[in-house]
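**Q**
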Amino acid sequence: SHMSLYGYSRDTSPRLRALADGHELVAFRDATVMGPNTRTSVPYILTGLEGPDAGGRIFRAPTVIEYAKARGYHTAFISAQEESWGNFDVLFREGADTFRTGIEFAADVDVMRGADDLVVLERGVLPALRSIPEPFFVVLHMNGSHAPYASHSTASRKVFLPEDGVNSVNAYDNTVRVTDEYVARVFEALRARDPEAWMFFTSDHGQPLGEGGAFFNHGYQSNVVRDPLLLFLPRSEAFARWAPMQDAQVAACDLAPTILHLMNAAPVAPMDCDDWMVAPPPPRVRVVSAYTPTYVDEPTLLVVLPNGQRELFDL
128 SHMSLYGYSR DTSPRLRALA DGHELVAFRD ATVMGPNTRT SVPYILTGLE GPDAGGRIFR
188 APTVIEYAKA RGYHTAFISA QEESWGNFDV LFREGADTFR TGIEFAADVD VMRGADDLVV
248 LERGVLPALR SIPEPFFVVL HMNGSHAPYA SHSTASRKVF LPEDGVNSVN AYDNTVRVTD
308 EYVARVFEAL RARDPEAWMF FTSDHGQPLG EGGAFFNHGY QSNVVRDPLL LFLPRSEAFA
368 RWAPMQDAQV AACDLAPTIL HLMNAAPVAP MDCDDWMVAP PPPRVRVVSA YTPTYVDEPT
428 LLVVLPNGQR ELFDL
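Start counting the sequence shown at 128; every next residue gets the next number (this note's numbering).
#1: Taking 9 Å as the threshold (C-beta atoms), are G175 and C400 in contact?
#2: For the alpha helix (DSSP H) holding D307, just list the boundary residues, first then last.
#3: Given this structure, state the Cα-to-Cα distance separating N391 from G199, to the nearest angstrom.
#4: Could you please give the first and the last residue of the uninterrupted beta strand (DSSP E) stretch that includes F232?
#5: Can you check which of these residues, A181, F219, R304 and P397, is closest to L245 by C-alpha distance?
#6: For S329, I'd like the list of residues in its chain whose CB is within less than 7 Å of its CB, leaving aside the five on either flank, ordered along the chain.
#7: Using DSSP with H/G/I as helix, E/B as strand and the rest coil, what is P371?
#8: Tell whether a beta-carbon distance below 9 Å holds between I192 and V293.
#9: As a quick exercise: from R156, E177 and A145, pick the residue whose alpha carbon is nearest that of P397.
#10: Which residue marks the beginning of the alpha helix (DSSP H) containing I172, and which one marks its end?
#11: I need the boundaries of the beta strand (DSSP E) containing Y418, first residue and last residue.
#12: Could you pull out every residue in the same chain whose Cβ sits closer than 6 Å to the Cβ of F287, ignoring the five residues on either side in sequence?
#13: Looking at the structure shown, is V247 part of a helix, part of a strand, or coil, going by DSSP?
#14: Determine the closest residue to Q208 out of D441, T228 and A406, with distance taken between C-alpha atoms.
#15: Exposed or buried, which one is F263 when buried takes at least 16 other CB atoms within 10 Å?
#16: Under the rule that 16 or more other beta-carbon atoms within 10 Å means buried, what is D395, buried or exposed?
#17: Counting C-beta neighbours from all protein chains within 10 Å, is the total for R220 16 or more, i.e. buried, or is it exposed?
#18: Can you tell which of M269, V352, S349 and P322 has the C-alpha that lies nearest to the C-alpha of V252?
#19: CB-CB under 8 Å to D157, same chain, minus the five flanking residues each way: which ones, in chain order?
#20: Span of the alpha helix (DSSP H) holding H388?
#21: Under DSSP, the alpha helix (DSSP H) around V377 begins and ends at which residues?
#22: List the DSSP bridge partners of L336.
#23: So, under 8 Å CB-CB, E315 and S363 are touching, yes? Tell me the CB distance rounded to an integer number of Å.
#24: How close, in whole Å, do the beta carbons of T139 and D307 come, if the pair is a contact with beta carbons under 8 Å?
#25: At the level of alpha carbons, what is the spacing between R320 and L256?
#26: Nearest CA to the CA of A365: which residue from S295, D402, N344 and G149?
#27: Less than 9 Å separating the beta-carbons of T419 and T167?
#28: Could you check where the beta strand (DSSP E) with S206 kicks off and where it finishes?
#29: Taking C-alpha atoms, which residue in S211, A203, S283 and H273 lies nearest to H345?
#30: According to DSSP, is H279 part of a helix, a strand, or is it coil?
#31: Could you have a look at E438 and say whether DSSP puts it in helix, strand or coil?
#32: What separation, rounded to the nearest whole angstrom, lies between the Cα atoms of A197 and A203?
#33: When DSSP labels each residue in this structure, what does H426 get in the three-state scheme?
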């Protein structure tokens, strides 16, 4: 809701909007995240699973990184965050030829603040995209638009001023500008290296900005569960094929089966989500859940029905 790519009145994502206008990316307009927190969402994005998951399927499911390694890809996981706090170093190091986290790029990384995304871009991401052997599969985990917002953009990149408090709307919108620059520059570097490479962008969760008295990523407000989900097209891929899908009911976990299809890899266990290469997703039930073993024991979930109705459950 705060990206001009999706119609926000402020020019928060000019580079991505230009790519969309040039039919170089597809912006899905009806997408959901997998959970309201990083630890309840990122593992399910990378395994194609959908919660709730009280039994811990997530620990038995290979990630797309492991599938890529098995298919002979050179693999990398590069993060602005300190991955040990969520045990992501355990979940995602397996299969990664290169594994770098935020603590390599900043000394003050903690659970609330990762390294500066644009520093990680310059020091970690761009060198990797230039040097990694083909074929390659890379996962980038950003610091992103996370509270406290003011610290997630440097003074030289603050466009919306004054920032009236560290978690003001101006401070938040400035973080979106950083994401716009980061993602667009990754795309430019990838195109320079391989015009036929596929690239996807998803958030793991959003942030409520005061609606209904809610702040930060707690609960299931619309700004938490709605997902800016983007597909960047290879040069030879026709935009006309994908344009009708922009209003399809999709979820961030669809990326895993779609990526496996592109790798000509078959999942060794069933995935819950949809492979976009097979067919446009039909109207579907989507589940956003905090009930996973990678976070606290929070037995809640949101069901999003095909007609858009939302049902919240406390288990």
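Where is the CB? At the ideal position from N, CA and C, for every residue including glycine.
**A** Concretely, from the data shown:
#1: yes
#2: For D307, the uninterrupted alpha helix (DSSP H) run begins and ends at V296 to R320, by DSSP.
#3: Taking the straight line from one Cα to the other gives about 11 Å.
#4: No beta strand (DSSP E) holds F232; DSSP gives it neither H nor E.
#5: Ranked by how close their Cα comes to the Cα of L245, the residues A181, F219, R304 and P397 have R304 in first place.
#6: In the sequence as displayed, the identity of residue 329 is Thr instead of Ser. Cβ neighbours of T329 within its own chain (closer than 7 Å, five residues either side excluded): I172, D354, L356, A379 and L382.
#7: Helix at P371.
#8: no
#9: Of R156, E177 and A145, the residue nearest in Cα terms is E177.
#10: Secondary structure note for I172: its alpha helix (DSSP H) is the uninterrupted segment T165 to I172.
#11: Taken as a continuous stretch (DSSP letters only), the beta strand (DSSP E) holding Y418 covers R413 to Y418.
#12: N297, D300 and N301
#13: helix
#14: T228
#15: buried
#16: Residue 395 is actually Val in this sequence, not Asp. With fewer than 16 other Cβ atoms within 10 Å, it is exposed.
#17: Per the 10 Å Cβ criterion, exposed.
#18: M269
#19: D374, A375, Q376 and V377
#20: Run containing H388: L382 to L389, per the alpha helix (DSSP H) assignment.
#21: Counting along the chain, V377 falls outside any alpha helix (DSSP H), though it belongs to the beta strand (DSSP E) covering Q376 to A378.
#22: F342
#23: Contact doesn't hold; Cβ gap of about 18 Å is too wide.
#24: 7 Å
#25: 7 Å
#26: Looking at the Cα atoms, G149 is the closest of the given residues.
#27: yes
#28: H201 to S206
#29: H273
#30: helix
#31: It is a strand residue.
#32: So the alpha carbons of these two residues sit roughly 13 Å apart.
#33: The sequence given here places Pro at residue 426; His does not occur at that position. In the three-state reduction of the DSSP assignment, P426 falls in the strand class, which pools E and B.
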